[in-house]
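Just so we're aligned, residue 874 is where the sequence shown starts under my numbering, counting upward by one.
Idealized CB from N, CA, C, for every residue including glycine.
This structure is a prediction, so every number in the text was calculated from the model and none was measured.
I have placed the structure first, in the form of C-alpha cells, so that the comments after it can refer back to it.
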Amino acid sequence: MPDNQPTLKQLEMRGNFIDRHIGPNQQQIDLMLAALDCRNLQELIDRAIPANLVDPEPLSLTETISERAVIDYMRKMRSRNKVFTSMIGLGYYDTIMPAVIKRNVLENPGWYTAYPPYQAEISQGRLEALLNFQQMIIDLTGMQIAHASLLDEATAAAEAMAMSRRLSKNASNRYFVDRHCFPQTIAVLRTRAESMGFEIVVVDPYTALEKQDFFGVLLQYPDANGAIRDLHDVASIAREKAALTTVAADLLSLVLLQPPAAFGVDIVVGSAQRFGVPMGYGGPHAAYFATREAFKRAMPGRIIGVSKDSFGQPALRMALQTREQHIRRDKATSNICTAQVLLAVIASFYAIYHGPKGLRLIAGRVHRYTQILAAGLHKLGYKLTGDCYFDSIVVIVPSRAKRIAASAREVGINVRSIDADHIGISLDETTTRRELRALWTAFSAATDAIPDINGLDRQISECIPESLLRRDDILQHPVFHRYHSETAMMRYMRRLARRDIALDRAMIPLGSCTMKLNAATAMEAISHSEFSNLHPFAPLFQTLGYQQLFSELEDMLCDLTGFDAFPCSPMPAPRGNIPVCW
874 MPDNQPTLKQ LEMRGNFIDR HIGPNQQQID LMLAALDCRN LQELIDRAIP
924 ANLVDPEPLS LTETISERAV IDYMRKMRSR NKVFTSMIGL GYYDTIMPAV
974 IKRNVLENPG WYTAYPPYQA EISQGRLEAL LNFQQMIIDL TGMQIAHASL
1024 LDEATAAAEA MAMSRRLSKN ASNRYFVDRH CFPQTIAVLR TRAESMGFEI
1074 VVVDPYTALE KQDFFGVLLQ YPDANGAIRD LHDVASIARE KAALTTVAAD
1124 LLSLVLLQPP AAFGVDIVVG SAQRFGVPMG YGGPHAAYFA TREAFKRAMP
1174 GRIIGVSKDS FGQPALRMAL QTREQHIRRD KATSNICTAQ VLLAVIASFY
1224 AIYHGPKGLR LIAGRVHRYT QILAAGLHKL GYKLTGDCYF DSIVVIVPSR
1274 AKRIAASARE VGINVRSIDA DHIGISLDET TTRRELRALW TAFSAATDAI
1324 PDINGLDRQI SECIPESLLR RDDILQHPVF HRYHSETAMM RYMRRLARRD
1374 IALDRAMIPL GSCTMKLNAA TAMEAISHSE FSNLHPFAPL FQTLGYQQLF
1424 SELEDMLCDL TGFDAFPCSP MPAPRGNIPV CW
C-alpha cells in the first residue's frame, strides 16, 4: 500500500472523538513542536513532566471508537432503562419541555456552550434570561429579592441554614427541620450541619417549637405527603426567638397557593425542575433562593442587576456575587457554572412561553386531576391522611401497600410505598385520564367498580381553604405576556443568544466548564427519554442502563486516577437509591 494511503484501521476509525474534538490537527501539532524544538509529542511530555510522576503502566481503558459506535453503544445502554409513569413525587415530577425551547435552547450550542455569565459584556443575553428568572421567583414566592439560581433544592436549603445562622440573634446551634421535608434535603442538611457544628432536629414543627431554642427552622410547602399547612404560627414563634424561617416551596403550586411571603417567612428555596426541565434521574436542576431585601448582603450566589453602560444605555451585570468566582484564588469556593445557568434559563423561558394564564391552566389541571383521583379512591373505599393538598396525596391501605404498588407497576406506573399501610401518589402536568383509570384498577379488584371520571369531575369541590388560595396577580412584567406564539418565542431566544459569546461563533480562550467541550454525539443522550425521564427513586430494575453507566464511569475514573472507588453523586442517597447530581 502506498505510504500516503490510510490503513483499514484508520478508515474504520473515521469520525472518532480524538480527531474531531480534541485539540489541533497534525499540521498544527507539527508547527507547535517545531517552535518548541521537539521531535514529537512524547519528547514534549518527557520535558514537561518529571520522570518520577510518570506512570509506565498502560491504562486499561478501551480503545477509541467512532462516533457511530458510541451512538450504537449508548442506544443499547439506554434501552436497559425502563421509563414508567412516575407518580413518586418527593420533589421530582415529569414535565413537558416546549419543543421551541428544546430545539432552540437545550439543543442549541449558542446556549449550552456560552461563556459563563460572570463576564457581563459578552453575556447580556443570558443575563437577561436570568433576570427574567429572578422576576419569576420574586412574583411566585412574594419575596422582595431573588437571585439567579443555585445547584439544587437540597443544597439551597443548606445555604439557607448557613445564612440563618449568620443572621440569627439566637445563640443556639440547633436547626429544626420539618419531618415531612423531602428525604434528600434532610440528608444534605445533616451532612452540611455536621461540618458546621449545627444540630439538626427533625420534628413536627407545628407542635414542637414553643419550648425549644433554635436559630432557624425549615418547612416544606406543600410537604412530602402533599399536605398544605398555614405557616403563620411557626413563622411567628421563630420571630419571637430571633430565629429565621425558611420554606422549601413547590414552584408550580405557588401559582395557586398563597405565596410564602404572606406568612411572614424569611427565606424561600426550591427547585425550578417542574418548569420544563426533565427529571434526568435526579438532575441537574436549577434551584431558586429568595429572601427579604434587608438580607441581600448575606445571600449566597449571585444577583443580576440592571445598570447603565458608558454610553448611558441599559446594561445587565452581576450586582452581587458572594461565594462565587473571585479574582483572589484563595476566596474561590465554587464556580458560577455550578449554579445551573442553562436550567434556570430553560425554566424562565417556560414561564415566559406559557405566561400567567398558561401556568394557571397547567397548575389548575394538575390540582383538578388530583382531586378527581382522590374522589375516585374515596368511592373505592379508601381514605386519605389529609384533605388539603395540591398534587400529592397519601392513601391509607392497611397492610396492602406492597401489593398495590406492584399492581401499579404492572400497568406501568410507579407510586411511593411509604410503609405497609400507606401509598403516596403525586401527579404532574403529563398525567392523563388513562393513567387515573389505571391507578384505580390497581387499587380495586373489581374492574366494573372503576369510577367515571366525568361524573366525579362534576361532583368535586375545592379542597384548599379560601385562606390558602392565591388571589393576587402573578408575572405582570411585560416579558411574560409578549412571547406566547412559537415564532415570537423563537425570535426572542435568538435575539438574546446573539448578545452572548459561545463556541458557535468564537473561540473561548479562558478556562471553562460544563458542557462546552462535550461533543454533539455525547450531548444526544440528554434528549432521549430513557435517560431524561427517569425518577431518581425509581426501582433499580428499571434503571439498569444508568447502573451500567455508573459502573463503567467508576471503572474509568479509578483507572485514570489510581483510586479504589468513585461516587457518582455528591449527595447522600436516601433509601439506598442514588439521586444523580452531575
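When the Cα atoms are used, residue 918 and residue 904 turn out to be separated by approximately 16 angstroms.
In this structure, DSSP gives residue 1103 a state outside helix and strand, which the three-state scheme calls coil. A Cβ-Cβ separation of about 6 angstroms places residue 1222 in contact with residue 978 under the 8 angstroms criterion. If the five residues before and after residue 1430 are omitted, its C-beta is found closer than 8 angstroms to the C-beta atoms of 1436, 1439, all from its own chain and listed in chain order. If you draw a straight line from the Cα of residue 1108 to the Cα of residue 1034, it comes to about 15 angstroms. The bridge partners DSSP lists for residue 1122 are 1094. DSSP, read as helix, strand or coil, puts residue 1266 in strand. DSSP lists 1286 as the beta-bridge partner residues of residue 958.
When DSSP reads this structure, residue 1178 sits in a beta bridge with 1190.
Of all C-beta pairs linking the region 1005 to 1019 to the region 1035 to 1048, fewer than three are shorter than 8 angstroms, placing the two stretches out of contact. Straight across, the Cα-Cα distance linking residue 1142 with residue 1376 is about 33 angstroms. Looking only at 1302, 1303, 1061, 1267, the smallest Cα-Cα distance to residue 1288 is reached by 1267. Contact annotation: the region 1339 to 1353 does not touch the region 1251 to 1258, with fewer than three C-beta pairs closer than 8 angstroms.
Cβ neighbours of residue 953 within its own chain (closer than 6 angstroms, five residues either side excluded): 1417, 1418.
Secondary structure at residue 903: helix, using DSSP grouped into helix, strand and coil. By the neighbour-count criterion, in which 16 or more other beta carbons inside 10 Å mark a residue as buried, residue 967 falls on the buried side. Where residue 1272 is concerned, there is no enclosing alpha helix (DSSP H), because DSSP gives it neither an H nor an E.
As the crow flies, the alpha-carbon of residue 1302 is around 51 angstroms from that of residue 931. Here the C-alpha atom of residue 948 lies approximately 23 angstroms from the C-alpha atom of residue 1286.
Annotation: the region 1375 to 1435 contains the following complete segments of the alpha helix (DSSP H) (minimum length 4 residues), in chain order: 1393 to 1396, 1402 to 1405, 1417 to 1434. Bridge partners of residue 1298 according to DSSP: 1266.
Assigned with DSSP and collapsed to three states, residue 1024 falls in coil, not helix or strand. Between residue 1129 and residue 1236, the CB-CB gap stays under 7 angstroms. Boundaries of the beta strand (DSSP E) harbouring residue 1164: 1160 to 1164, taken from the DSSP string.
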